[in-house]
Amino acid sequence: MSVLIDKATRVLVQGITGREGSFHAQRCREYGTQVVGGVTPGKGGTTHEGFPVWNTVADAVQAEGPNCALIFVPPVAAADAVMEATAAAIPFIVCVTEGIPTVDMMRAKAFLKDRSCRLIGPNCPGLISPGKAKVGIMPGHIHREGHVGLVSRSGTLTYEVVHQLTQRGIGQSTCVGIGGDPIIGTSFVDVLRLFQADPDTRLIVLIGEIGGTAEEEAAEHITRHITKPVVGFICGQTAPPGRRMGHAGAIIAGGKGTAAEKMAALGAAGVTLVKSPAEIGSTVARVLQR
Amino acid sequence: MKIHEYQAKAILREFGVAVPNGEVAETPSQARAVAQKLGSRVVIKAQVHAGGRGKAGGIKLAANPDEAEAAARAILGMRLKTPQTPPEGIEVRKVLVEEASPISQELYLSVTLDRVRSTLVVMASEAGGMEIEEVARVSPHKILREWADPALGLQPFQARNLAFALGLTGDLHKAGVTLTQNLFRCYLARDCSLAEINPLVVTQDGRLLALDAKLNFDDNALFRQPAIVAMRDEHEETPLELDASRYGLNYVKLDGNVGCMVNGAGLAMATMDIVKLSGGEPANFLDVGGGASAEQIENAFRILSSDRNVRAVLINVFGGILRCDRLAEGVIAAVKKLGVTLPVVIRMEGTNVELGRRMLAESGLNFSSAESMGEAAEKAVALARAGR
């Protein structure tokens, strides 16, 4: 098993004729994901790299009934794309786009509320259930099927951790990048809940970073509800306060959101903390042997 | 993005928030002329993108135009050092000359993002003039918060609650309600990330005035805020960071001597962390992004190696979209073109890694390669130490 996506996932790519959308739709298809086609307003009725293209999400839903939308629409229109997918009753949306205005995302999130729809991202690499489906931009070949569930706010740091795991022969059930923006659709807590319920996930790796309080909320949830072992790492231990470190959400503001606070909270929740990013794989191996 | 106080006040005025009369001056004689025009006691305030100006000598009172000119002369050109500036301080190039307001009360009002609730929060407190984080720590009951969705807006009852929390009554309460609504409107219309009035003052003659103002903006929304972009003051940014921003690179200068070049923000932070854990100090944060071009890589390399503190360079790339051979090509080109003699440690993994490694090995340049992040950091730290 895996969480959120598997072989039955049918993906619609919004922004499929753009450079990134086009490239990654093909990589996802090569990985074995069912990509039913894409949406680009004004290009409906054409095909692109073998994918059918529709004008609207509603048209695509009528034709193919996708159950997942993967969004590569540029920042100016990405929040709108999220709302379009939501309105067309697509139950699962992954938004890769980086650089969406915060207010636009707040509006989109308010739009999502009270609808039975889950959003992952934005500003995220997407997710992968190795051997089953890849809905995102991560390099598929570094993954391996297995039983470690990984959740992270980062992209390439997640690849690094996956690489360390795979090198040791430790496979993954699902790897979820929840995104580096201050406003995101799915939190650490949401994914932890899914991993706890997934019989195929035996250990959870949580990769956090400075800024906000998502890790502290995760720690509280772990204390109360997670019985599986959790290995945690927080990046930005050396980040200066008041400076945005690449991700829009990675900033220590008013002395809050430091790596030290987050590590203390996770440590108190019984999470096995890793200080060095080079030792995440070996730590997971050690915990699995217990 | 940050702007100066005088710019923030001009924007607030546009939205109907009362601010003291005043004008910006770049020379002592301009400051005198503004003081003359105002015809009252004035305050001369250094315009830099940092708080804590008063304690650092960046704010002075002047009773007449002569004093205003003298105060401006003292402040203009000084390097203002506050807890919020770099250690070397920021050079003051402009002052705001404002009529001095007789204050009877200092309050606090702000609008910002609540990340936990994914919505906006308006905060009001009677404890103005001190940092709100300090108030939140010492006396949290003195802060009232009202949450407002951008689509629905701030409701009149919420604005009333906030104005009551400020302790305002009668006409002042009405003024407080309007001011709060106007500040909220400004936040949304200008894509702010913070709109803070601290202090908001009640004057002895019964007016409500934004005595200080801080507006920060959402970088992601600048594409639709040309008037805000035009307010950018490049003198307030460090030259290397400014240079990097022109090439779409995320660069933050730090104090160490190991230059870092990484793809992805999380991996870039983790690389800084491992440099520190290996006994060194990172010289910078630098994220070249997921799909960096050879040109971006070349510029990234140029910028980080032109930091004079840098003694060794650590390149850590996990190639997904960014292929390792393209990275190698960019780095080789940069080193050759710039004539860089610094030792460079490269750790790369991912797509086309063998090809990339071969290109580096055959380049005949001063590269060491590493198999893992840990090894790379240790090598770079040792080289930086040797090169000191």
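Chains as they are written, first to last, in our numbering: chain F, 16 to 305; chain H, 174 to 561. We put the beta carbon where it would ideally sit given N, CA and C, even for glycine.
Look at the Cβ atom of residue i, then the Cβ atom of residue j, and state whether they are nearer than 8 Å.
i, j, result
"I232(H)", "A219(H)", "yes"
"G429(H)", "A485(H)", "no"
"L286(H)", "T117(F)", "yes"
"V54(F)", "F66(F)", "no"
"G195(F)", "A123(F)", "no"
"S283(H)", "V375(H)", "no"
"V299(F)", "V246(F)", "yes"
"L381(H)", "Y281(H)", "no"
"N489(H)", "L422(H)", "no"
"G151(F)", "G141(F)", "yes"
"T32(F)", "V68(F)", "yes"
"L234(H)", "A204(H)", "no"
"C365(H)", "D391(H)", "yes"
Give the single residue among the options whose Cα lies nearest to the Cα of residue i.
i, options, result
"S297(F)", "G285(F), E232(F), V176(F), T273(F)", "V176(F)"
"G192(F)", "A274(F), P137(F), V68(F), T228(F)", "P137(F)"
"S478(H)", "V513(H), L495(H), S283(H)", "V513(H)"
"G523(H)", "A198(H), L500(H), Q180(H)", "L500(H)"
"M278(F)", "G251(F), A94(F), G184(F)", "G251(F)"
"G269(F)", "L459(H), N194(H), M303(H)", "M303(H)"
"A254(F)", "V425(H), E410(H), S283(H), V197(H)", "V425(H)"
"E271(H)", "A198(H), N194(H), A235(H)", "N194(H)"
"F203(F)", "Q179(F), L165(F), A75(F)", "L165(F)"
"Q29(F)", "P244(F), V109(F), R44(F)", "V109(F)"
"E261(H)", "R496(H), P275(H), T411(H)", "T411(H)"
"A183(H)", "E468(H), C365(H), Q354(H), A386(H)", "A386(H)"
"I470(H)", "V435(H), R481(H), A441(H)", "V435(H)"
"I7(F)", "L303(F), R42(F), S37(F), T48(F)", "Coverage of chain F is limited to positions 16 through 305, which leaves residue 7(F) absent and any answer about it impossible."
"N482(H)", "A400(H), V295(H), L413(H), Y360(H)", "L413(H)"
"G464(H)", "G503(H), A206(H), D406(H), D392(H)", "G503(H)"
"R186(H)", "H408(H), E535(H), R226(H), L352(H)", "L352(H)"
"M120(F)", "T292(H), K509(H), G225(H), Q180(H)", "T292(H)"
"M532(H)", "H222(H), D498(H), D378(H)", "D498(H)"
"G379(H)", "A191(H), L528(H), E178(H)", "A191(H)"
Using a 10 Å radius around the Cβ and a threshold of 16 neighbouring Cβ atoms, would you call residue i buried or exposed?
i, result
"I201(H)", "For clarity, residue 201(H) is Pro in the given sequence; the question names Ile instead. That one is buried."
"A383(H)", "buried"
"D516(H)", "Note that residue 516(H) is Pro in the sequence shown here, rather than Asp. That one is buried."
"F248(F)", "buried"
"A297(H)", "buried"
"N472(H)", "buried"
"A403(H)", "exposed"
"S131(F)", "exposed"
"K267(H)", "buried"
"V172(H)", "Residue 172(H) lies beyond the range of chain H shown here (174 to 561); nothing can be said about it."
"T9(F)", "Because chain F is modelled from 16 through 305, residue 9(F) falls outside the range shown and cannot be assessed."
"H39(F)", "buried"
"L325(H)", "exposed"
"T258(H)", "buried"
"S188(F)", "buried"
"P81(F)", "buried"
"K147(F)", "buried"
"A145(F)", "One detail in the question is off: residue 145(F) reads as Pro in this sequence, not Ala. So P145(F) ends up on the buried side."
"A104(F)", "exposed"
"S312(H)", "exposed"
"Q304(F)", "exposed"
Kindly provide the ranges of any alpha helix (DSSP H) runs that are 4 or more residues long and lie completely inside the stretch 306-373 of chain H, ordered along the chain.
-> DSSP runs (the alpha helix (DSSP H)) wholly in the stretch 306-373 of chain H: 329-338, 343-362.
Would you call the stretch 125-137 of chain F and the stretch 195-213 of chain F touching, i.e. three or more CB-CB distances under 8 Å?
-> Contact holds: three or more Cβ-Cβ distances are below 8 Å.
Taking three-plus beta-carbon pairs below 8 Å as touching, is the stretch 453-467 of chain H in contact with the stretch 435-445 of chain H?
-> Between the stretch 453-467 of chain H and the stretch 435-445 of chain H, the count of Cβ pairs shorter than 8 Å is three or higher; the stretches touch.
Does the stretch 325-341 of chain H come within contact of the stretch 89-102 of chain F, defined as at least 3 CB pairs closer than 8 Å?
-> Output reads no: the stretch 89-102 of chain F does not touch the stretch 325-341 of chain H.
Given 8 Å, three or more beta-carbon pairs between the stretch 220-231 of chain F and the stretch 143-155 of chain F | Counting Cβ pairs under 8 Å, fewer than three are found: no touch.
Which ranges does the beta strand (DSSP E) cover as unbroken runs of at least 3 residues, wholly within the stretch 127-203 of chain F, from first to last along the chain?
-> Runs of the beta strand (DSSP E) inside the stretch 127-203 of chain F: 133-135, 141-144, 148-151, 160-167, 187-192.
Residue ranges of each alpha helix (DSSP H) run of no fewer than 4 residues wholly in the stretch 220-275 of chain H, ordered along the chain?
-> With a minimum length of 4 residues, the unbroken runs of alpha helix (DSSP H) contained wholly in the stretch 220-275 of chain H fall at 238-248.
Any contact of the stretch 202-217 of chain F with the stretch 303-323 of chain H, i.e. 3+ C-beta pairs under 8 Å?
-> Too few Cβ pairs lie closer than 8 Å, so no.
Report the residues of the stretch 422-451 of chain H with a CB closer than 7 Å to any CB of chain C, ordered along the chain.
-> Absent from the structure: chain C. Protein chains present are F and H.
Those runs of the beta strand (DSSP E) which lie wholly inside the stretch 373-413 of chain H and span at least 3 residues | Segments of the beta strand (DSSP E) lying fully in the stretch 373-413 of chain H: 381-383, 387-390.
With a cut-off of 8 Å, do at least 3 Cβ pairs link the stretch 542-555 of chain H to the stretch 285-303 of chain F?
-> In short, these stretches touch, since the Cβ pair count reaches three.
At what residue ranges does the stretch 467-545 of chain H contain a whole run of the alpha helix (DSSP H), taking only runs of 4 or more?
-> DSSP runs (the alpha helix (DSSP H)) wholly in the stretch 467-545 of chain H: 467-478, 497-511, 526-534.
Length at least 4, wholly inside the stretch 411-471 of chain H: the alpha helix (DSSP H) runs in chain order | Within the stretch 411-471 of chain H, the alpha helix (DSSP H) runs of at least 4 residues that lie entirely inside it are, in chain order, 412-419, 438-450.
Give, in chain order, every unbroken run of the alpha helix (DSSP H) that is at least 4 residues long and sits entirely within the stretch 36-84 of chain F.
-> DSSP runs (the alpha helix (DSSP H)) wholly in the stretch 36-84 of chain F: 72-79.
Decide if the stretch 346-357 of chain H is in contact with the stretch 246-258 of chain H; the criterion is three or more beta carbon pairs, one per stretch, under 8 Å apart.
-> Contact between the stretch 346-357 of chain H and the stretch 246-258 of chain H is absent, because fewer than three Cβ pairs lie under 8 Å.
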